[in-house]
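J.: Structure in structure tokens, see below.
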Amino acid sequence: MPDNSADYEDSDELLPTFDEDDHPARVWNLLWLINPGDEEAALQQFDAWREARAGAEDEAGDEQWLWDLKDAIDWRAGFHVDWKDVDSFVAALDELAARWNLGIDWGGDLDDEDFAQDIDVPMLMATAHDRLREHGYTVWNWNTGGDGYAGWIALSRDDEAMLALCSLLGVEVRPGSDPF
1 MPDNSADYED SDELLPTFDE DDHPARVWNL LWLINPGDEE AALQQFDAWR
51 EARAGAEDEA GDEQWLWDLK DAIDWRAGFH VDWKDVDSFV AALDELAARW
101 NLGIDWGGDL DDEDFAQDID VPMLMATAHD RLREHGYTVW NWNTGGDGYA
151 GWIALSRDDE AMLALCSLLG VEVRPGSDPF
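Below, the structure written as structure tokens:
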């Protein structure tokens with residue numbers, strides 16, 4: 001067989017280079033985790049985040065970087081919904097799961113008033129977490145400190161890496177089975 005490896009793009013060329021203690025490097029690693037197998041999407045989101053952060057200082061106590069990240073990944077690799085917005089939560093998680101050709105069994109017909117009247121975002125987040133774990137994915141949510149729910153999905157095999165990285169970034173995260 002001929003060696004045609006030169007015909008393929010080297011994914012190492014897509015990776016930005018940073019110092020080890022560089023905050024943007026950690027954000028890049030987070031984007032890498034929440035866009036498994038899609039380096040191009042991670043790079044686009046990273047560029048959008050960097051553009052939003054242009055001129056801002058990345059300080060340890062500054063949480064604005066996380067809100068800028070939320071904007072860069074919203075509906076592409078993450079979600080952010082109001083505490084009572086069940087419809088947006090379902091639509092966002094369905095959209096995110098579709099990246100891997102997965103559908104989420106929500107446990108009932110969301111258009112059925114009898115079923116829908118007793119559900120809320122935390123209940124649906126736990127359901128999505130359980131359904132996606134069956135396929136090797138984990139739903140994560142981070143503490144918004146307000147009346148909303150935000151998070152992302154990553155491969156379950158990266159659970160320990162996610163916890164370690166978010167600890168380094170100063171982001172309090174929990175699996176979707178335990179929403180804030």
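Just so we're aligned: 151 in the numbering used here is position 151 of the sequence shown, and the numbers increase by one with no gaps anywhere. Built from N, CA and C at the ideal position, the CB exists for glycine as well.
Report, in whole angstroms, the separation of the C-beta atoms of G78 and A128, which I expect to be a contact under 8 angstroms.
T.: At roughly 13 angstroms, the Cβ-Cβ gap does not stay under 8 angstroms, so G78 and A128 are not in contact.
J.: Between which residues of its own chain and D181 is the CB-CB distance below 8 angstroms, once the five residues before and five after are set aside?
T.: What is shown of the chain runs 1 to 180, which leaves residue 181 out entirely.
J.: On the three-pair Cβ rule with 8 angstroms, is the region 103-115 touching the region 124-144?
T.: These segments touch.
J.: R26: which of G151, F46, D87 sits nearest, CA to CA?
T.: Selected option, being the one with the closest Cα: F46.
J.: Once the 5 residues before and after D158 are set aside, which same chain residues still bring their CB inside 7 angstroms of it?
T.: So the qualifying residues of the chain are L33.
J.: Is there a Cβ from chain B that is less than 8 angstroms from the Cβ of W142?
T.: No chain B is part of this structure, which consists of one protein chain only.
J.: State the DSSP-derived secondary structure class of T127, mapped to helix, strand or coil.
T.: Three-state DSSP puts T127 in a helix.
J.: Can you tell me whether F115 is buried or exposed, with buried defined as 16 or more other CB within 10 angstroms of its CB?
T.: Exposed: under 16 other Cβ atoms inside 10 Å.
J.: May I ask which residues mark the beginning and end of the alpha helix (DSSP H) holding H135?
T.: Counting along the chain, H135 falls outside any alpha helix (DSSP H), and DSSP gives it neither H nor E.
J.: Leaving out five residues before and five after D71 in sequence, what residues of the same chain have Cβ atoms less than 7 angstroms from its Cβ?
T.: Here the set comprises A52.
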